[in-house]
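**Q**
Dropping the structure here:
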């Protein structure tokens, strides 16, 4: 047995494979964690007891992976969707509504259908009004004045009448077809990623600094 065989045995133990295609990947993310056996045990226990876990370590140690794996292990609860409605009284304070998971998308689709129907009815009303004004102007002999009045009325109604699309609620949080707790990676960026690692002022580089 040469040195390469000894190194392979130390790395893979009794695992025999020809390529990575022969390696079976576990379905759960927690079972894919390698080299963090104690952390895996703590995460499993915390997920079962619904407790918090604080993980400290250098980048690349698997903190985010363990957090995502913990989200998969948390007991399933009734997920909820969050809808945002337009507030006609105060546009700066929208109305918030919480519904069971999966219902939010259905509500938005229903509002879209209703908004489309109202928009079609409004357009039909404007068209009939314009045609009525133009027809009346033909009988009175004031054709040019009737056309101008019809165009102005149509423009004003389109401008000042509320748009149906703006009244459709927005789906802020959607848990449609989700069965596990949501996981949001909020890893903070270092100063270089936010502000840049180079000098932005041309007078502070290239030998031109004072």
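Residue numbers (this note's numbering): 311 to 520. We put the beta carbon where it would ideally sit given N, CA and C, even for glycine. Everything numeric in this text was worked out from a predicted model, so none of it was measured.
I'd like the list of long-range same chain contacts for residue 349, defined as Cβ closer than 8 Å, with 5 residues on each side in sequence excluded.
**A** In the chain shown, residue 349 corresponds to position 39, counting from 1. Excluding positions up to five away in sequence, the list reads 343, 365, 372, 376.
**Q** Got a sec, what are the start and stop residues for the beta strand (DSSP E) residue 406 sits in?
**A** The count along the chain shown starts at 1 and reaches residue 406 at position 96. Residues 405-410.
**Q** Can you give me the C-alpha to C-alpha distance between residue 356 and residue 492, rounded to a whole angstrom?
**A** Looking up residue 356 in the chain shown gives position 46. Looking up residue 492 in the chain shown gives position 182. So the two alpha carbons sit approximately 17 Å from each other.
**Q** Exposed or buried, residue 485, counting other C-beta atoms within 10 Å across all chains shown (16 or more means buried)?
**A** Position 175 of the chain shown, counted from the first residue, corresponds to residue 485. So residue 485 ends up on the buried side.
**Q** Take residue 380 and list the residues in its own chain whose beta-carbon comes closer than 6 Å to its own, dropping the five residues that flank it on each side.
**A** Taking the chain shown and counting its residues from 1, the one referred to as residue 380 is at position 70. 353, 357.
**Q** By Cβ distance below 8 Å, which residues in the same chain neighbour residue 443 in space, the five residues on each side in sequence not counted?
**A** The residue given as residue 443 occupies position 133 in the chain shown. Here the set comprises 456, 459, 460, 463.
**Q** Quick check on residue 335: does DSSP put it in helix, strand or coil?
**A** Mapped onto the chain shown, residue 335 falls at position 25. Coil, per DSSP.
**Q** Looking at C-beta atoms only, is the number of pairs between the region 387-397 and the region 408-426 that lie closer than 8 Å three or more?
**A** The answer is yes - the region 408-426 touches the region 387-397, with three or more Cβ pairs under 8 Å.
**Q** Residue 395 by DSSP, collapsed to three states: which one?
**A** For this step, residue 395 is matched to residue 85 along the chain shown. Residue 395: strand per DSSP, three-state reduction.
**Q** I'd like the list of long-range same chain contacts for residue 440, defined as Cβ closer than 6 Å, with 5 residues on each side in sequence excluded.
**A** Start at 1 with the first residue of the chain shown, and residue 440 comes out as number 130. These residues qualify, in order along the chain: 460, 464.
**Q** Taking the beta strand (DSSP E) that residue 482 falls in, what are its first and last residues?
**A** On the chain shown, residue 482 is found 172 positions in, with the first residue counted as 1. Segment 480-483, the beta strand (DSSP E) holding residue 482.
**Q** In the DSSP assignment, find the alpha helix (DSSP H) that holds residue 443 and state where it starts and stops.
**A** Working through the chain shown from its first residue, we reach residue 443 at position 133. Looking at the DSSP string, the run of the alpha helix (DSSP H) that includes residue 443 is 413-450.
**Q** Which residues does DSSP list as the beta-bridge partners of residue 390?
**A** The sequence position of residue 390 within the chain shown is 80, counting from 1. 410, per the DSSP bridge assignment.
**Q** Can you look up residue 353 in the DSSP assignment and give me helix, strand or coil?
**A** On the chain shown, residue 353 is found 43 positions in, with the first residue counted as 1. It is helical.
**Q** Which residues in the same chain as residue 425 place their Cβ atom closer than 7 Å to its Cβ, once the five residues preceding and following it in sequence are excluded?
**A** Here residue 425 refers to the residue found at position 115 when the chain shown is read from its first residue. Taken in chain order, the residues that qualify are 474, 475, 477, 478.
**Q** Do residue 414 and residue 483 have their beta-carbon atoms positioned less than 9 Å apart in this structure?
**A** As a first step, residue 483 is located in the chain shown; it is residue number 173 there, counting from the start. As a first step, residue 414 is located in the chain shown; it is residue number 104 there, counting from the start. Contact: yes.
**Q** Quick check on DSSP: helix, strand or coil for residue 521?
**A** Residue 521 is absent from the structure shown; the chain starts at 311 and stops at 520.
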